[in-house]
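**Student:** Could you have a look at this structure, given as structure tokens, before my questions?
Numbering (my numbering), first residue to last: 3 to 623.
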């Protein structure tokens with residue numbers, strides 16, 4: 003990694019010209035507003051500098067912010083600063099003020115530290131300053147806090163001695179992480195084989211219980227990353243706001259160094275990763291159905307060390323910094339490993355309505371578009387047991403949008419099927435298991451993509467106990483599922499007054515409206531699956547005394563946290579056909595990978611990024 007002296011010389015000349023044309027402006031403001039402009043670790047100052055080429059100076063004695071630069075940049079910086087110090091407010095009852103502030107101010111300070119926003123309480127209102135994203139995240143945390151039920155009772159979860167290691171992790175790190183993320187105290191009684199959870203609220207205990215059940219599930223998901231670029235390209239990390247209020251920490255995007263053009267490019271090492279994973283799965287293809295497709299979205303880097311964002315990187319240097327999970331890949335001597343890099347890659351999929359409209363203008367042949375359907379997903383955790391720990395069971399419900407539309411005919415992992423009325427079919431399914439998530443970072447393009455390789459079991463033999471659980475869950479759904487009609491719109495909901503069977507947990511809900519669009523390049527046919535989605539994690543309790551508060555919380559989640567997005571899945575039809583039949587070998591799949599990536603690039607080229615004003619960030623229903 004190194005700095006390009008030519009680039010810095012050009013920047014110095016540009017800075018000298020700006021200095022000769024500069025103007026200065028002082029903006030007086032109170033100390034609390036100045037703190038909001040500075041931001042956590044001066045990140046807001048860096049954000050202003052990135053957006054305007056001006057780094058504000060702070061005069062603490064005069065309580066003002068000083069801007070110096072071109073008239074245009076000063077005006078931009080002033081506009082950003084005024085937006086930052088214009089507070090968003092949350093109304094508080096007198097009884098809620100202490101809850102928001104916390105003992106010694108610890109809670110309000112914690113929210114501020116996590117979100118980067120400056121928060122203070124005055125006149126029964128929480129005032130929030132910061133960037134648009136910081137204010138949105140802080141408001142989300144405060145509203146969630148106000149909506150939480152305050153009734154709490156210690157929760158016990160059965161965990162056998164054989165499984166407790168999955169919950170605790172190495173040196174207890176996983177248990178500690180669950181405890182910190184859910185604000186609960188977790189302890190294990192070895193004699194009783196009971197894991198006890200104690201939190202301030204029912205919701206905290208529910209979230210901890212779901213995370214514990216998630217930890218008990220068998221897990222073999224592998225996350226790897228690859229970079230598209232040329233050997234002569236130089237890259238840098240650019241600080242960005244996280245895409246969702248629920249994401250915490252600092253995030254960066256990979257970008258080409260200013261003025262650089264990406265020459266002939268390739269994706270380093272991605273073919274070998276996919277090939278080796280397919281070879282790893284090949285002996286299992288009689289037992290599992292495989293599928294392979296990708297999301298379109300954006301890759302975000304987190305966990306960088308201090309100063310890493312000030313460096314320039316070659317393609318190989320950048321690749322070497324990304325954390326890779328190679329635990330599934332046998333190495334010499336029978337060993338396996340992961341890379342030691344702290345850089346982690348998160349991926350946010352989704353497009354806006356405007357971007358989908360751009361794509362549909364390109365793929366506008368009506369014969370290429372398939373019928374649409376509306377799908378509802380409810381995800382449940384079964385009770386924990388000696389035999390198998392617990393299971394995740396997904397209920398999928400399909401509702402017709404029109405008289406001529408058909409239900410999807412290909413369902414995987416179906417355990418039970420029922421028809422509740424003429425237009426609603428429900429399926430209990432074993433969820434597909436992700437075995438590889440390969441993020442392909444494409445700095446020269448507007449979007450990145452993530453390849454998903456998943457498997458679903460063909461053998462659905464279950465124990466009598468498991469079948470009994472499915473019967474209990476299906477009986478619950480027959481009583482609890484209702485179809486609500488608002489005008490001509492129909493929706494599937496759960497009745498709040500019908501309790502879940504004992505020790506079941508509902509943790510996830512998603513509504514999606516889906517349709518396919520087909521496209522042919524040469525002899526290859528590809529499919530774009532558009533899915534308008536909103537998803538939410540739902541708390542549940544059978545405690546009558548807190549049901550009303552829980553339902554109020556669910557309503558809040560659906561209106562605030564349930565972000566509306568349009569997901570785009572890209573499929574190769576030949577892959578889908580071969581993998582569904584089990585008539586494939588790894589080389590056949592890899593042979594199509596180059597043409598598939600070219601299709602991904604073609605789709606990306608038809609979508610343009612939107613300005614902050616144009617983006618529905620995040621669009622809520």
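The beta carbon of each residue, even a glycine, is placed where N, CA and C say it ideally should be.
Does DSSP put residue 315 in a helix, in a strand, or in coil?
**Tutor:** Residue state, collapsed to three classes: strand.
**Student:** Please report how far the alpha carbon of residue 456 lies from the alpha carbon of residue 591, in whole angstroms.
**Tutor:** Distance between the alpha carbons of residue 456 and residue 591 is about 14 angstroms.
**Student:** Between the beta-carbon of residue 180 and the beta-carbon of residue 210, is there less than 7 angstroms?
**Tutor:** It is a contact, given that the beta carbons lie within the stated cut-off.
**Student:** What are the complete beta strand (DSSP E) segments, minimum 3 residues, inside the stretch 228-257?
**Tutor:** Counting only runs of 3 or more, we get 237-242.
**Student:** Once you ignore the five residues that flank residue 523 on each side, which residues in its own chain have a CB closer than 8 angstroms to its CB?
**Tutor:** Counting only Cβ-Cβ distances below 8 angstroms, and skipping sequence neighbours, we find 597, 600, 601, 604.
**Student:** My output table needs one value for residue 503: the three-state DSSP class, helix, strand or coil.
**Tutor:** In this structure, residue 503 counts as coil in the three-state DSSP scheme.
**Student:** How about residue 628 and residue 519: are their beta carbons less than 7 angstroms apart?
**Tutor:** Outside the displayed span of the chain (3 to 623) sits residue 628, for which this structure offers no information.
**Student:** How is residue 325 classed by DSSP in three states: helix, strand or coil?
**Tutor:** Three-state DSSP puts residue 325 in coil, outside helix and strand.
**Student:** Let me know if residue 139 comes out buried or exposed under the rule of 16 or more other beta-carbons within 10 Å of its beta-carbon.
**Tutor:** Residue 139 should be labelled buried.
**Student:** Is it buried or exposed, residue 297, if we count other Cβ atoms within 10 angstroms and call 16 or more buried?
**Tutor:** Buried: at least 16 other Cβ atoms inside 10 Å.
**Student:** Would you kindly report the start and end of the unbroken alpha helix (DSSP H) that includes residue 479?
**Tutor:** It spans 466-482 - the alpha helix (DSSP H) in which residue 479 sits, taken as one unbroken run.
**Student:** At which residues does the beta strand (DSSP E) containing residue 66 begin and terminate?
**Tutor:** Note, residue 66: beta strand (DSSP E), 66-71.
**Student:** Contact between the stretch 302-316 and the stretch 465-479 is defined here as three or more beta-carbon pairs at a separation below 8 angstroms; is this criterion met?
**Tutor:** Short answer: they don't touch.
**Student:** For residue 197, tell me which candidate among 204, 203, 189 has the shortest Cα-Cα distance.
**Tutor:** Taking only the C-alpha atoms, the option nearest residue 197 is 189.
**Student:** If you follow the alpha helix (DSSP H) that residue 217 is in, where does it begin and where does it stop?
**Tutor:** Its alpha helix (DSSP H) spans residues 204-218.
**Student:** Looking at the strands, I want to know which residues DSSP matches up with residue 516.
**Tutor:** Partner(s): 375, 533.
**Student:** In whole angstroms, give me the CA-to-CA distance for residue 166 and residue 173.
**Tutor:** Answer to the nearest angstrom: the Cα atoms are 12 angstroms apart.
**Student:** For residue 294 and residue 242, I'd like the C-alpha separation in whole angstroms.
**Tutor:** Looking at the two C-alpha atoms, the distance is approximately 30 angstroms.
**Student:** Hey, quick one: how far does the alpha helix (DSSP H) through residue 133 stretch, first residue to last?
**Tutor:** That residue, residue 133, is in no alpha helix (DSSP H); it is neither H nor E in DSSP.
**Student:** Just the Cα atoms here: how many angstroms apart are residue 414 and residue 324?
**Tutor:** Computed Cα separation, rounded: 34 angstroms.
**Student:** Does DSSP put residue 495 in a helix, in a strand, or in coil?
**Tutor:** Strand.
**Student:** To the nearest angstrom, how far is it from the Cα of residue 558 to the Cα of residue 401?
**Tutor:** With a pLDDT of 42 at residue 558, under the threshold of 50, the modelled position of that residue is not reliable, and the figure given next carries that caveat. Approximately 25 angstroms, taken between the alpha carbons.
**Student:** So what does residue 92 bridge to, in DSSP terms?
**Tutor:** In the DSSP output, where bridge partners are listed per residue, residue 92 has 128.
**Student:** Within this structure, are the beta carbons of residue 38 and residue 84 separated by less than 7 angstroms?
**Tutor:** It is not a contact, given that the beta carbons lie outside the stated cut-off.
**Student:** Whole angstroms are fine: how far does the CA of residue 254 sit from the CA of residue 306?
**Tutor:** Straight-line Cα distance between these residues: approximately 9 angstroms.
**Student:** Going by DSSP, name the residue or residues bridged to residue 624.
**Tutor:** The structure shown does not extend to residue 624, since the chain spans only 3 to 623, so no value can be given for it.
**Student:** For the structure I just gave you, are there three or more beta carbon pairs, one from the stretch 29-48 and one from the stretch 108-121, closer than 8 angstroms?
**Tutor:** Contact holds: three or more Cβ-Cβ distances are below 8 angstroms.
**Student:** Identify whether residue 610 lies in helix, strand or coil by the three-state DSSP scheme.
**Tutor:** Note: residue 610 maps to coil in three-state DSSP.
**Student:** Would you call the stretch 225-236 and the stretch 424-442 in contact, with 3 or more CB pairs under 8 angstroms?
**Tutor:** Verdict: yes, contact present.
**Student:** Using alpha carbons as the reference points, say which of 66, 63, 78 lies closest to residue 55.
**Tutor:** Checked all of 66, 63, 78; the closest Cα to residue 55 is 78.
**Student:** For residue 349, which residues from the same chain have a beta carbon less than 8 angstroms from its beta carbon, with the 5 sequence-adjacent residues on both sides left out?
**Tutor:** Closer than 8 angstroms at Cβ, skipping near neighbours: 297, 299, 300, 301, 302, 439, 441, 450, 452.
**Student:** What span of residues does the beta strand (DSSP E) with residue 39 cover, start to end?
**Tutor:** That residue, residue 39, is in no beta strand (DSSP E); its alpha helix (DSSP H) goes 33-40.
**Student:** Does DSSP put residue 446 in a helix, a strand or coil?
**Tutor:** If DSSP states are grouped into helix, strand and coil, residue 446 belongs with coil.
**Student:** Short of 6 angstroms in beta carbon distance, which residues of its chain neighbour residue 6, apart from the five on each side in sequence? Order them along the chain.
**Tutor:** Its pLDDT being 48, under 50, residue 6 is placed unreliably in this model, and the coordinates cannot settle the point.
**Student:** Quick one: what's got a C-beta closer than 8 angstroms to residue 610's C-beta in the same chain, skipping five residues either side?
**Tutor:** Result list for residue 610: 357, 360, 448, in chain order.
**Student:** Considering only the beta carbon of each residue, do residue 568 and residue 280 sit closer than 7 angstroms?
**Tutor:** In this structure, residue 280 does not lie closer than 7 angstroms to residue 568 by Cβ.
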